[in-house]
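Oh and the sequence shown: position 169 is 169 in the numbering used here, straight run, nothing missing.
For every residue, glycine included, the Cβ atom is placed at its ideal position computed from N, Cα and C.
Quick caveat: nothing in here was measured; it's all calculated off a predicted structure.
This report concerns only the one structure given below.
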Amino acid sequence: MHKPVTIVILAAGQGTRMKSRQAKVLHKAGGKTLLQHVIDTALELAPPERIFAVVGHQAQKVRQSAEASGIGFIEQTEQKGTGHAVMMGRDAMAHLDGYLMVLYGDSPLLKVETLRRLIAQETGGTAAGVLMSAVMEDPFGYGRVIRSNAGDVVDIVEQKAGTPEQLAIREANMGIYCFRADLFWKHVSEIQPNSASNEYYLTDLPALLTRAGHRVEAMQIDDAAEALGINDRAQLAQVDAIFRDRKRQAVMAAGVTLIKPETITIDAGVEIGMDTIVEPFAQLLGTTKVGENCRIGSCSIVQDSVLHDEVEIGAFTVVTTSVLERGASAGPYARLRMQNHVEAGAHIGNFVELKKTRMGAGAKAGHLAYLGDAEIGSKSNIGAGTITCNYDGYKKHATRIGEGAFVGSNSTLVAPLEIGAGSYLAAGSVITNAVPEDALAIGRGRQENKPDWAKKRRRLAKTVEALKSGD
Ligand code: UD1
Ligand code: CA
């Protein structure tokens, strides 16, 4: 075992090139903030007490977004460059022995294996530091790695400062380093502000270490895409696409069928069980968990919800913060707006909206209904056009429907309301009072038939016509 590694994540920059009011590291790719991606990767390599994020721009918000991870935070009140950012952590980190790994908060694609290799090269050798590099087709915007004849890294030259010969170098600095902690803290304060930008560049450190008689190595990775730094929205989209693809590959490898996978969006935190089928253009978002043998219909959106086994979500259905138990179904064209609980085998049909509603096991609302703040007993049937009037303009009220009730089509249920088990509501009723168990409630004007009314009307019309034409 090598000595421990401390990890510092630089996340204080504003991200000017994003053209955003929001700090760059709070933008999301693959359904997670850029910073959270980097933190999650770091947590696989070190305990939270050994991980620090340097925050500055929108420090409060950035810190809040990542507080739950238990890592430490360092404030960089003025963003004076990547070298300056790490220097802010001297008090928090310089006494920690072993190695110091620096990661940039805008490079979320990094894989743990790759960072392990970087650490292994540093801890297994004699170099003062190892940086990650890649030979890129177009390294524009990246620092270029300048090597000695022996192959050691003697300097990094930034895009803005490079001579044409230096900029022709295609080996780029990925912004990921592992240093010997003692040498790092000894020499980092020697970094001078860059003459052009007045910023302290961490990338000056290899030259300083070399001058002090130490060696810095590079570890080349084959696929520069892994270290893509996000500076603008186009790169954000590019990285998002890579995360989406990684996630799709992972769920397919775990036994999920994706039909036209390239059209499907699955957030990083989503779990899907075996033999579930996801149709084109579906989106599974947030903390959603899907069981086995489910079907997620085309163009449906399921967010922060739990679907047990054998649940069917029809096409164009939106489900948010809801639970659907085994064998339940919803849609096509249904909306489970928030905090609904659909018990086993219950069915929510087309153009039905649910809000804070519990559908008992086997209950059905087949078409065109609004059920809000309602508890619906098992095996009840809710007819087409049923509306819970749950809002009186001031407050929300509950509707409680007992087991096995039959709510006729086009019923208007004025809450607060209790409807007894096994009762019947006549179609077209406006129900304002409690209905006892097993009763029939009719809440509408009675029908009246007027015999021959139509015939007489037609006869009258004919007579009028005849008088007019003078026959
Ligand atoms: C940096 C490297 C460049 C490398 C590239 C890889 C430097 C000087 N250059 O350039 O060699 O090829 O990354 O992606 O390091 N940050 C702070 N405080 C600051 C400035 C920046 O915390 O004062 C943070 C930013 O929030 C960001 C990270 O450091 O997460 C990198 O900064 P950025 O401005 O994106 O550096 P690049 O120009 O991309
Ligand atoms: Ca960057």
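Quiz prompt | Simplified DSSP state of residue 22, which is helix, strand or coil | solution = coil
Quiz item: In chain order, what residues of the same chain have a beta carbon less than 6 angstroms from the beta carbon of residue 364, not counting five sequence neighbours either side?
Solution: 347 and 381
Self-check item: residue 202: CB within 7 angstroms of a non-hydrogen atom of ligand 1
Solution: yes
Quiz item: In angstroms, rounded to a whole number, what distance separates the CA positions of residue 234 and residue 141?
Solution: 14 angstroms
Exercise. Please say whether residue 108 and residue 227 have beta carbons closer to each other than 8 angstroms?
Key: no
Self-check item: Any beta strand (DSSP E) of 3 or more consecutive residues that is wholly inside the segment 34-122
Solution: Taking 3 residues as the minimum length, the beta strand (DSSP E) runs contained wholly in the segment 34-122 are 51-55, 72-75 and 99-104, in order along the chain.
Self-check item: Same chain, Cβ closer than 7 angstroms to residue 209, neighbours up to 5 away in sequence not counted
Solution: 128, 129, 183, 187 and 216
Quiz item: Rounded to a whole number of angstroms, what is the C-alpha to C-alpha distance between residue 407 and residue 466?
Solution: 51 angstroms
Exercise. Go ahead and pull the three-state DSSP assignment for residue 474.
Key: Nothing can be reported for residue 474, as the shown portion of the chain is limited to 1 through 471.
Quiz item: According to the Cβ coordinates, are residue 426 and residue 442 closer than 8 angstroms?
Solution: yes
Exercise. Figure out for me which residue from 76, 197 and 333 has the closest Cα to the Cα of residue 54.
Key: 76
Practice problem: Using only the heavy atoms of ligand 2, determine whether one of them is closer than 7 angstroms to the beta carbon of residue 106. | Solution: yes
Quiz prompt | Where the beta strand (DSSP E) containing residue 529 begins and where it ends | solution = The structure shown has nothing for residue 529, since the chain only spans 1 to 471.
Quiz item: Once you ignore the five residues that flank residue 242 on each side, which residues in its own chain have a CB closer than 7 angstroms to its CB?
Solution: 109 and 225
Quiz item: How is the beta strand (DSSP E) around residue 367 delimited, first residue to last?
Solution: 364-372
Practice problem: Figure out for me which residue from 12, 79, 236 and 32 has the closest Cα to the Cα of residue 247. | Solution: 32
Quiz item: Comparing alpha-carbon positions, which option in 86, 193 and 250 lies nearest residue 179?
Solution: 86
Exercise. Indicate whether residue 206 and residue 154 have their beta-carbon atoms separated by less than 8 angstroms.
Key: yes
Practice problem: Check whether the segment 108-126 touches the segment 36-48, counting contact only when three or more Cβ pairs, one atom from each stretch, lie closer than 8 angstroms. | Solution: Verdict: yes, contact present.
Exercise. Compute the Euclidean distance between the alpha carbons of residue 90 and residue 171, then round it to the nearest angstrom.
Key: 30 angstroms
Exercise. Go ahead and pull the three-state DSSP assignment for residue 252.
Key: Residue state, collapsed to three classes: helix.
Quiz item: Cβ of residue 10 versus every heavy atom of ligand 1: is any distance shorter than 7 angstroms?
Solution: yes
Quiz item: Going by Cα to Cα distance, which pick from 64, 297 and 361 is closest to residue 327?
Solution: 361
Quiz item: Shortest alpha-carbon distance to residue 111 belongs to which of 221, 4 and 191?
Solution: 221
Quiz item: For the candidate residues 438, 420, 445 and 24, whose alpha-carbon lies nearest to that of residue 430?
Solution: 445
Quiz prompt | residue 432 (DSSP reduced to helix, strand or coil) | solution = Note: residue 432 maps to coil in three-state DSSP.
Quiz item: Comparing alpha-carbon positions, which option in 393, 61 and 284 lies nearest residue 261?
Solution: The shortest Cα separation from residue 261 among 393, 61 and 284 belongs to 284.
Quiz item: If you run the structure through DSSP and keep just helix, strand and coil, what is residue 378?
Solution: coil
Exercise. Out of 150, 325, 375 and 318, point me to the one whose CA is closest to residue 353's CA.
Key: 318
Quiz item: When you compare each of 258, 254, 175 and 404 to residue 474 by their alpha carbons, which one comes out closest?
Solution: Since the first residue of the chain shown is 1 and the last is 471, residue 474 is not available in this structure.
Quiz item: Count the other CB atoms within 10 Å of the CB of residue 450; is the residue buried (16 or more) or exposed (fewer)?
Solution: exposed
Quiz item: What does a CB cutoff of less than 7 angstroms around residue 78 pick up in its chain, not counting 5 residues either side in sequence?
Solution: Contacts found: none.
Exercise. Would you list, in sequence order, the uninterrupted beta strand (DSSP E) runs of no fewer than 3 residues that lie entirely inside the segment 214-279?
Key: If you keep only unbroken beta strand (DSSP E) runs of at least 3 residues inside the segment 214-279, you get 216-220.
Practice problem: Keeping to the same chain, check which residues put their C-beta closer than 8 angstroms to that of residue 126; ignore five residues upstream and five downstream. | Solution: 215
Quiz item: Three-state secondary structure (DSSP) at residue 170?
Solution: Residue 170: coil per DSSP, three-state reduction.
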